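Take the sequence shown: its position 349, counting from 1, is numbered 1116 in our numbering, and each next residue is one higher. Working notes, structure below.
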Amino acid sequence: MNPEIEHIKQITRRHFFRQGSLGLGVPALASLMGGINGPAFGQSATGGLPSVPHFAPKAKRAIWLFMAGAPAQMDMFDYKPKMDAMFDKDLPESVRMGQRLTTMTSGQKRFPLAPSIYKFKQQGKSGAWVSDLLPHLSKRVDDMAIVKSMYTEAINHDPAITFITTGRQLPGWASLGAWLSYGLGTTNEDLPAFVTMTSSWTGRKQAQALFNRLWGSGFLPSRYQGIALRSKGDPVLFLSDPPGVGKTNRRSMLDVLAKMNTRQHEVAGDPETQARIAQYEMAYRMQTSVPELTDLSKEPKSVLDMYGPEVKKPGTFAQHCLLARRMAQRGVRFSQIFHRGWDQHNNLPKDLPNQCRDFDQPAAALIEDLKQQGLLEDTLVIWGGEFGRTIYCQGKLTRTTYGRDHHPRCFTFWLAGGGIKGGVVHGETDDFSYNITENPVHIRDLNATILHLLGINHQKLTFDVQGVDLRLAGFDEEAHIVRDILA
């Protein structure tokens, strides 16, 4: 009997919610070192579970480009030409069917239709319709599976983002990256398995708040939470030694701390003590590995040019995409880039082009760069936000100005790379991009599919909390793998 596993099973309700609410629970330095290695809980040398992967994976790693705030699907990927003739007409009640609205538009006297002002063309061999806002990504559609039939129950940003990243609308659950770190570990013991970055943006000034629970470990041991990579100062908080503390001194301090924590573990048997030891060791190794990771000086000019003019600016989406490729090369299992500014309730035509310029060229470059490096075939790239936006206008409507409210009933994602069938358009919506008419895909299906591509059976990757086997997808409602988009 493993006493650490028994300790987990006997975890108190208070400890569960304390850990779950923040995804943290260890001192500041240790909390930074989320996805680390080291044998614990019967894991392999790379930090994963011995039984994982459950079958041969199609992808070894994943990169999630998360558009926080919810992009307008009908202005980018979900072409609705019939709307042009219905400008300013009311959304038919037969389409809305009494569905829930946000408080921001539920009091409107009418719901006038706002056709997209952007031009669409069919692109690639697949003939996928793509807006002229995306001139670079439009050239990559044959590498992508575009899913137009995503849906969720969450209608507000925070619960919706929490839902899609952790499988639950309420805080306290482990994030996708933490599950991957827990199950698969990393192939590089000098870098974490899970890294997250939050990019700058050029759209509306206000942006969706992001909380560390989105990359937290929840009820999983804290070692599996994501590390937030910063664009100012040390790439990782507290990475540099304090003035007057050299490498030798730091090594001696860590050795003493390890002895003290080992004794504490022998007394209390708390697995978090072992996690803390390993986290300090990871922090020590990262003092060398992270500066090397973030140094772009040796990247060829041709690669930098491919990502666009913003790639040399710290914190930009372009630079983060290049860093994600470098992480993929170095064995980071899961990297996640949050790009904010997509919550366009009014004057969408002013902000949306800026947002698209932020991500279009870098995202297309990421796909091409991974392909040139021989990494795309086993690297899964995911793009999307927490929900979609309404075809009806919020706020002032003119031929050139409109806003869009939240819309969980349908939205668009695309995936590329490891195990994905390129040149596929999956799912359909009605003429109003309001309801799904074909092949609905719930967000839990998306998470189950991501796990599947990485060799994980979503029903078998579980963690015991007080006798209950918790998991990311399909815990209380069934999750389905979207097989039509798989190669």
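Using N, Cα and C, we set each Cβ at its ideal position, and we do this for glycine too. Just so it is clear, the structure is predicted and the values come from calculations on it, not from any experiment.
Sub-7 Å separation of residue i and residue j beta-carbons
i        : j        : result
Ala-941  : Ser-989  : no
Asp-845  : Thr-1083 : no
Gly-1155 : Gln-840  : yes
Thr-1165 : Lys-915  : no
Ala-1085 : Pro-1058 : no
Leu-1239 : Gly-1186 : no
Thr-766  : Leu-981  : Residue 766 is absent from the structure shown; the chain starts at 768 and stops at 1254.
Trp-831  : Ile-1248 : no
Thr-1055 : Ala-1095 : no
Phe-833  : Phe-1126 : no
Phe-961  : Gly-1011 : no
Thr-1168 : Asn-1114 : yes
Val-1208 : Met-911  : no
Gln-1161 : Gly-1170 : yes
His-1112 : Met-964  : no
Thr-919  : Ile-1217 : no
Ser-998  : Pro-1081 : yes
Gly-1222 : Pro-820  : yes
Leu-958  : Arg-867  : no
Asn-1206 : His-1193 : yes
Gln-1267 : His-924  : With the chain covering 768 to 1254 only, the question about residue 1267 has no answer from this structure.
Spatially closest choice to residue i from the options, by CA coordinates
i        : options                                : result
Lys-906  : Thr-1015, Arg-935, Gly-1189            : Gly-1189
Asn-1282 : Met-834, Gly-1186, Arg-1176, Tyr-1074  : Residue 1282 lies beyond the range of the chain shown here (768 to 1254); nothing can be said about it.
Ala-921  : Lys-915, Asp-909, Ile-913, Gly-934     : Gly-934
Ile-1158 : Lys-1079, Arg-863, Pro-817             : Arg-863
Ile-913  : Pro-926, Asp-925, Trp-896              : Trp-896
Glu-1135 : Asp-909, Gly-836, Thr-1029             : Asp-909
Arg-1100 : Ile-1149, Pro-817, Ala-829, Gln-1054   : Ala-829
Gln-973  : Gln-1139, Asp-1037, Gly-836, Thr-1167  : Gly-836
Gly-1141 : Leu-1213, Lys-1065, Lys-827            : Lys-827
Arg-1093 : Leu-1119, Gln-1111, Asp-842, Ser-1064  : Ser-1064
Thr-969  : Gly-894, Asp-1110, Asp-842, Met-853    : Asp-1110
Lys-888  : Asp-1198, Asp-842, Gly-1075, Asp-1072  : Asp-842
Met-1073 : Ser-948, Gln-1139, Asn-1016            : Gln-1139
Lys-847  : Asp-1198, Asp-1231, Asn-1224           : Asp-1198
Asn-1224 : Leu-901, Trp-946, Gln-890              : Trp-946
Gly-814  : Gln-890, Gly-865, Tyr-991              : Tyr-991
Arg-971  : Val-1232, Asn-1121, Thr-1204, Leu-1182 : Asn-1121
Rounded straight-line distance, which links the Cα of residue j to that of residue i
i        : j        : result
Lys-892  : Thr-869  : 39 Å
Gly-944  : Leu-977  : 16 Å
Phe-1242 : Phe-822  : 21 Å
Gly-1255 : Arg-1107 : Residue 1255 lies beyond the stretch modelled for the chain, which goes from 768 to 1254, so this question has no answer here.
Lys-1034 : Met-1027 : Here residue 1034 is Val; the residue named in the question, Lys, does not match the sequence. Going by the C-alpha atoms only, they are around 11 Å apart.
His-1173 : Gly-874  : 14 Å
Asp-855  : Cys-1123 : 26 Å
Gly-950  : Leu-1090 : 24 Å
Glu-1245 : Glu-1077 : 42 Å
Lys-849  : Ser-1102 : 39 Å
Leu-816  : Leu-987  : 13 Å
Leu-1137 : Val-1070 : 11 Å
Asp-1001 : Glu-1066 : 21 Å
Lys-1014 : Lys-1079 : 30 Å
Arg-1018 : Val-1003 : 19 Å
Ser-798  : Ala-995  : Reliability of the predicted coordinates at Ser-798 is poor, the pLDDT of 36 falling under 50, and no value is obtained from them.
Leu-1119 : Glu-1144 : 31 Å
Contact set for residue i: own chain, Cβ-Cβ below 8 Å, skip 5 residues either direction
i        : result
Asp-851  : Pro-882
Thr-1229 : Asp-1236, Leu-1237, Arg-1238
His-903  : Asp-1127, Gln-1128, Ala-1130, Ala-1131, Ala-1132
Met-853  : Leu-880, Pro-882
Asn-955  : Ser-1056, Arg-1097, Gly-1098, Val-1099
Per DSSP, cross-strand counterpart(s) of residue i
i        : result
Lys-888  : Val-897
Gly-1155 : His-1174
Leu-832  : Ile-1104, Trp-1150
Val-962  : Ile-994, Ser-1102
Ala-912  : Leu-1182, Val-1191
Val-1232 : Val-1235
Gly-1259 : Examination of residue 1259 is not possible in this model, given that the chain is present from 768 through 1254 alone.
Cys-1160 : Arg-1171
Cβ-heavy atom distance, residue i to the ligand MG, below 6 Å
i        : result
Pro-1058 : For the structure depicted, the ligand MG is absent and the ligand set is empty, with no information on it obtainable.
Close Cβ partners of residue i (< 7 Å) along its chain, the five nearest in sequence each way excluded
i        : result
Gln-936  : Ala-921, Pro-926, Thr-929, Phe-930
Asp-857  : Arg-877, Phe-878, Pro-879
Leu-884  : It is worth fixing the name first, because residue 884 is Ile in this sequence and not Leu. Result list for Ile-884: Pro-1116, Thr-1167, in chain order.
Lys-1227 : His-821
Cβ-based neighbour list, residue i, same chain, cut-off 6 Å, excluding 5 preceding and 5 following
i        : result
Lys-825  : Gly-1185, Gly-1186, Leu-1220
Ala-795  : Here Ala-795 scores only 35 on pLDDT, less than 50, and its place in the model should not be relied on; the value that follows carries that caveat. Here the set comprises nothing.
Lys-886  : Asp-899
Arg-1250 : none
Asp-1062 : none
Ser-967  : Gly-1082, Thr-1083
Asp-1212 : Ala-1246, His-1247, Val-1249
Pro-838  : Trp-1109, Gly-1152
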